[in-house]
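See structure below.
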Amino acid sequence: MKTGLDTNIHGKKLVKQTVHPAWQAIKLGSLALAVIGLLIAPFSLRNYGLILLCLWSVYTIAVQGLNLTLGYAGQISLAQAAFMGLGAYISTLLVQAGTNFWLAMIIAAVSCTLIGALIGFPALRVRSHYLSFVTLGFNGLIMLLIRNEEWLTNGTFGIRNITRPSIFGLSLDSNINYYYFCMVMLGLVTLAVWFMLRSPWGRAFKCLRDNPARAESLGISVTNYTLLAFALGSGIAAIAGVVYAPLIEFIEPAPFAVTRSLMFLLMVVVGGRGTLVGPFIGAFFVTLFPEWVRFLDDYYLVIFSLMVMLLIRYLPKGIAGLEPIIAQRFIRKEAA
Amino acid sequence: MEIFLQLLISGIATGSIYALAAVGFALLWQTAGAINFAQGEFMMVASFIILGIIHLLGVGVLPAFIIALPIVMFLLGFVFKRVLVDPLLKAGDFSLVIATVGLGIFLREGFRLIAGAFPLPFPKLVPDTVFNIGGALISANEIAILVMSLIVIAALQWFLNRTFIGRCMEATAQNTDVARILGIDVDRMILYTFMLNAVLVTVAGMLITPTYSAKFSNGEIFGQVAFMAAIVGGFNQVRGALIGGFLIGVLDNMMAFYISTQYRTALPLLLLIIVILFKPEGLFGRREERRI
Numbered sequence: 021m022k023t024g025l026d027t028n029i030h031g032k033k034l035v036k037q038t039v040h041p042a043w044q045a046i047k048l049g050s051l052a053l054a055v056i057g058l059l060i061a062p063f064s065l066r067n068y069g070l071i072l073l074c075l076w077s078v079y080t081i082a083v084q085g086l087n088l089t090l091g092y093a094g095q096i097s098l099a100q101a102a103f104m105g106l107g108a109y110i111s112t113l114l115v116q117a118g119t120n121f122w123l124a125m126i127i128a129a130v131s132c133t134l135i136g137a138l139i140g141f142p143a144l145r146v147r148s149h150y151l152s153f154v155t156l157g158f159n160g161l162i163m164l165l166i167r168n169e170e171w172l173t174n175g176t177f178g179i180r181n182i183t184r185p186s187i188f189g190l191s192l193d194s195n196i197n198y199y200y201f202c203m204v205m206l207g208l209v210t211l212a213v214w215f216m217l218r219s220p221w222g223r224a225f226k227c228l229r230d231n232p233a234r235a236e237s238l239g240i241s242v243t244n245y246t247l248l249a250f251a252l253g254s255g256i257a258a259i260a261g262v263v264y265a266p267l268i269e270f271i272e273p274a275p276f277a278v279t280r281s282l283m284f285l286l287m288v289v290v291g292g293r294g295t296l297v298g299p300f301i302g303a304f305f306v307t308l309f310p311e312w313v314r315f316l317d318d319y320y321l322v323i324f325s326l327m328v329m330l331l332i333r334y335l336p337k338g339i340a341g342l343e344p345i346i347a348q349r350f351i352r353k354e355a356a
Numbered sequence: 072m073e074i075f076l077q078l079l080i081s082g083i084a085t086g087s088i089y090a091l092a093a094v095g096f097a098l099l100w101q102t103a104g105a106i107n108f109a110q111g112e113f114m115m116v117a118s119f120i121i122l123g124i125i126h127l128l129g130v131g132v133l134p135a136f137i138i139a140l141p142i143v144m145f146l147l148g149f150v151f152k153r154v155l156v157d158p159l160l161k162a163g164d165f166s167l168v169i170a171t172v173g174l175g176i177f178l179r180e181g182f183r184l185i186a187g188a189f190p191l192p193f194p195k196l197v198p199d200t201v202f203n204i205g206g207a208l209i210s211a212n213e214i215a216i217l218v219m220s221l222i223v224i225a226a227l228q229w230f231l232n233r234t235f236i237g238r239c240m241e242a243t244a245q246n247t248d249v250a251r252i253l254g255i256d257v258d259r260m261i262l263y264t265f266m267l268n269a270v271l272v273t274v275a276g277m278l279i280t281p282t283y284s285a286k287f288s289n290g291e292i293f294g295q296v297a298f299m300a301a302i303v304g305g306f307n308q309v310r311g312a313l314i315g316g317f318l319i320g321v322l323d324n325m326m327a328f329y330i331s332t333q334y335r336t337a338l339p340l341l342l343l344i345i346v347i348l349f350k351p352e353g354l355f356g357r358r359e360e361r362r363i
């Protein structure tokens with residue numbers, strides 16, 4: 021049984037909160053079920069479903085990155101799609117020029133982290149919402165560059181025939197192999213984010229989110245840590261882009277437009293900002309869920325955006341925010 | 072030189088529209104602390120409402136505008152504030168930003184369903200005639216846009232600076248707490264600001280839509296221009312947002328002609344980044360202390 025200690029600020033009484041073991045079991049069980057489900061999914065899905073799941077994993081990676089900026093550092097970035105696009109284009113162009121795929125991935129991630137730091141720096145020096153404006157502008161700028169520099173990016177025609185990489189001599193050409201590659205990348209990024217959040221850096225992020233004034237008084241430089249979170253988040257978006265390009269085997273400017281960035285933002289909020297599972301849920305509602313409600317067709321985005329507005333009103337912590345509420349139920353049952 | 076003059080005048084005409092949207096954006100931000108990411112969509116919605124009235128009643132643009140005004144003021148002013156903004160403001164401005172992003176997508180996709188994905192023609196204020204003024208070709212529509220928006224800007228300035236309610240609104244925008252101490256009904260003033268914003272987006276929507284045709288996705292461009300103008304000019308002063316609008320309109324036009332049409336929208340974006348880097352309070356704004 022997991023126990024946690026809570027004291028009030030006067031230290032009057034230690035209130036012992038116990039999480040019901042049944043709830044722990046349910047959580048662990050559903051996690052295991054989800055992992056097993058994802059592992060055996062290729063055997064029961066056709067190509068279309070497989071590609072959708074890959075797309076979901078790519079979006080989840082990008083949303084994990086945005087979640088660092090938004091959920092932990094409390095800043096709004098509206099350029100996540102642009103960084104994803106940069107990652108996709110940089111890696112594709114490098115690979116086509118003969119660079120190794122993995123090296124290209126590292127170059128893309130590092131350069132996007134640096135670009136993030138570069139554009140984040142002026143914005144974060146000033147006021148709370150300036151990052152959202154600068155990044156919104158930046159996304160527009162990147163779209164212009166990709167569209168107009170045809171000698172490099174082939175403009176709106178896009179780049180075709182992107183080859184899939186191989187790993188340890190194992191070709192990722194087949195959809196099943198690429199699917200597992202996507203899942204491994206998703207797992208690695210999630211693990212990296214998890215480790216980061218447990219490190220002193222991550223604790224500083226959380227402190228920033230919960231009480232910026234206190235963080236500052238404790239000697240945590242709000243600006244530096246926010247900048248770091250944003251830059252790393254941008255780098256993670258680039259990784260999502262690097263995985264995306266060989267998945268679709270074709271890149272064009274459209275999927276990296278401002279609209280997509282806005283959707284990424286909403287994915288973080290719907291899933292639950294500042295939680296590790298939030299991005300999985302958020303990306304699910306944009307990529308996979310629409311497939312089950314095909315009959316909604318064009319109405320889906322209208323309903324989705326309406327859902328966002330209701331959610332932010334009644335459940336501001338997103339769907340992952342339900343977890344403590346349900347957990348509370350289990351405690352009451354135990355007491356009764 | 073003629074071409075320069077021509078570009079300058081049409082730039083000022085477009086810029087005056089941007090200025091209207093930017094002032095509305097800045098006023099909302101200052102008065103209610105609400106950053107409206109759906110400002111561009113508001114312009115789109117207002118233009119569709121005008122278009123709907125034109126088709127339903129068979130009237131001209133201006134009468135349709137006058138009929139549309141109370142409808143837009145109710146929907147995008149009163150309802151927007153009461154239903155979406157009021158409950159969320161208590162939860163912090165972050166929630167409101169997300170909600171307006173959601174609202175923007177909601178309106179955009181909603182109007183895609185209602186009006187279809189194809190651009191619909193939107194009538195100009197005056198029929199197309201081109202005047203030759205000292206070699207510069209200036210269309211009657213540009214002059215009409217300029218006259219109309221200058222009238223609105225003048226009326227706005229008069230309202231904010233010379234009337235009692237206007238001054239109360241201005242006071243609320245400058246410093247909500249002091250305004251409250253002075254006995255101003257702050258909540259009422261915030262509501263008026265939302266109504267005023269609705270008026271501004273209706274005028275701006277009516278003036279800009281003939282150039283782009285009425286389309287569900289128009290809001291994306293309009294909204295970006297509005298907030299860029301507000302920030303470049305200085306959002307904490309009405310004056311700043313106005314000048315920012317004109318500046319971006321003119322620069323945009325000059326850029327398109329003299330440098331590159333493909334990169335015409337790049338200049339405002341660069342300007343935005345430069346302003347935030349070197350003069351974050353905006354070119355004509357008042358310096359503010361940093362808040363955490």
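Going down the list, the protein sequences come from chains G and B. Remember, the numbering used here sits 20 above the position in the first sequence when you count from 1. Remember, the numbering used here sits 71 above the position in the second sequence when you count from 1. Quick reminder that beta carbons are idealized off the backbone N, C-alpha and C, glycines included.
Expressed to the nearest angstrom, what Euclidean distance is found between the alpha-carbon atoms of residue i and residue j?
i                      : j                      : result
residue 318 of chain B : residue 129 of chain G : 37 Å
residue 257 of chain B : residue 245 of chain G : 36 Å
residue 47 of chain G  : residue 336 of chain G : 22 Å
residue 208 of chain G : residue 159 of chain G : 27 Å
residue 275 of chain B : residue 241 of chain B : 21 Å
residue 263 of chain G : residue 131 of chain G : 16 Å
residue 280 of chain B : residue 159 of chain B : 31 Å
residue 273 of chain G : residue 114 of chain G : 17 Å
residue 174 of chain G : residue 167 of chain G : 8 Å
residue 353 of chain B : residue 341 of chain B : 14 Å
residue 259 of chain B : residue 96 of chain G  : 30 Å
residue 350 of chain B : residue 221 of chain G : 31 Å
residue 343 of chain G : residue 350 of chain G : 11 Å
residue 254 of chain B : residue 329 of chain B : 53 Å
For residue i, report the span of its beta strand (DSSP E) as first-last.
i                      : result
residue 120 of chain G : Per DSSP, residue 120 of chain G belongs to no beta strand (DSSP E) and is neither H nor E.
residue 207 of chain B : 207-210
residue 339 of chain G : Looking at the DSSP string, residue 339 of chain G is not in any beta strand (DSSP E), and its letter there is neither H nor E.
residue 201 of chain B : 201-204
Quick one: which chain G residues come within Cβ less than 7 Å of residue i?
i                      : result
residue 151 of chain B : Those within 7 Å of residue 151 of chain B in chain G number zero; the least Cβ separation is about 11 Å.
For residue i, which residues from the same chain have a beta carbon less than 7 Å from its beta carbon, with the 5 sequence-adjacent residues on both sides left out?
i                      : result
residue 156 of chain B : 103, 105, 167
residue 178 of chain G : 270, 271, 272
residue 303 of chain B : 315, 318, 319, 342, 343, 346, 353, 354
Skipping 5 residues on each side, what residues in its chain have a beta carbon closer than 6 Å to that of residue i?
i                      : result
residue 182 of chain G : 112, 265, 266, 269
residue 322 of chain B : 338
residue 174 of chain B : 109
residue 156 of chain G : 98
residue 89 of chain B  : 296, 300, 316, 319, 320
residue 209 of chain B : 80, 202
residue 164 of chain B : 104
Please compile the residues from chain B whose C-beta is within a distance smaller than 9 Å of the C-beta of residue i.
i                      : result
residue 278 of chain G : 291, 295
residue 14 of chain G  : What is shown of chain G runs 21 to 356, which leaves residue 14 of chain G out entirely.
Looking at C-alpha atoms only, which residue of the options is the closest neighbour of residue i?
i                      : options                    : result
residue 77 of chain G  : G/256, G/300, G/329, G/310 : G/300
residue 180 of chain B : G/317, G/334, G/333        : G/317
residue 152 of chain G : G/285, G/302, G/295, G/303 : G/285
residue 114 of chain B : B/358, B/79, B/96, B/235   : B/96
residue 187 of chain B : B/86, B/196, B/287         : B/287
residue 292 of chain G : G/339, G/185, G/184, G/315 : G/339
residue 365 of chain B : B/73, B/330, B/358, B/149  : Summary: the structure shown does not reach residue 365 of chain B, with chain B confined to residues 72 through 363, and so no result is reported for it.
Mind checking which residues open and close the alpha helix (DSSP H) that includes residue i?
i                      : result
residue 197 of chain G : 195-218
residue 412 of chain B : Not covered by the structure: residue 412 of chain B. The range shown for chain B is 72 to 363.
residue 324 of chain G : 319-334
residue 159 of chain B : 157-160
residue 77 of chain B  : 73-103
residue 135 of chain B : 132-143
residue 326 of chain B : Premise fails: residue 326 of chain B is in no alpha helix (DSSP H) and is neither H nor E.
Output, in chain order, the set of chain B residues within a Cβ distance shorter than 7 Å of residue i.
i                      : result
residue 88 of chain G  : Going along chain B, no residue has its Cβ under 7 Å from residue 88 of chain G, so there is no contact; the nearest lies around 16 Å.
residue 260 of chain G : Those do not exist, as residue 260 of chain G stays about 20 Å from chain B at its closest Cβ, beyond 7 Å.
By Cβ distance, which residues of its chain are closer than 8 Å to residue i, with the 5 residues on each side in sequence left out?
i                      : result
residue 136 of chain B : 121, 273, 274, 277
residue 101 of chain B : 244, 245, 306, 307
residue 29 of chain G  : Confidence is the limiting factor: at residue 29 of chain G the pLDDT is only 49, short of 50, which leaves the residue's position unreliable, though a coordinate-based value still follows. Around residue 29 of chain G: no qualifying Cβ.
List the residues of chain G whose Cβ lies closer than 8 Å to the Cβ of residue i, in chain order.
i                      : result
residue 168 of chain B : 96, 149, 152
residue 299 of chain B : 153, 157
residue 333 of chain B : 164, 167, 168
How about residue i: is its C-beta nearer than 8 Å to some C-beta of chain D?
i                      : result
residue 166 of chain G : Considering every chain present, this structure includes no chain D. Its protein chains are G and B.
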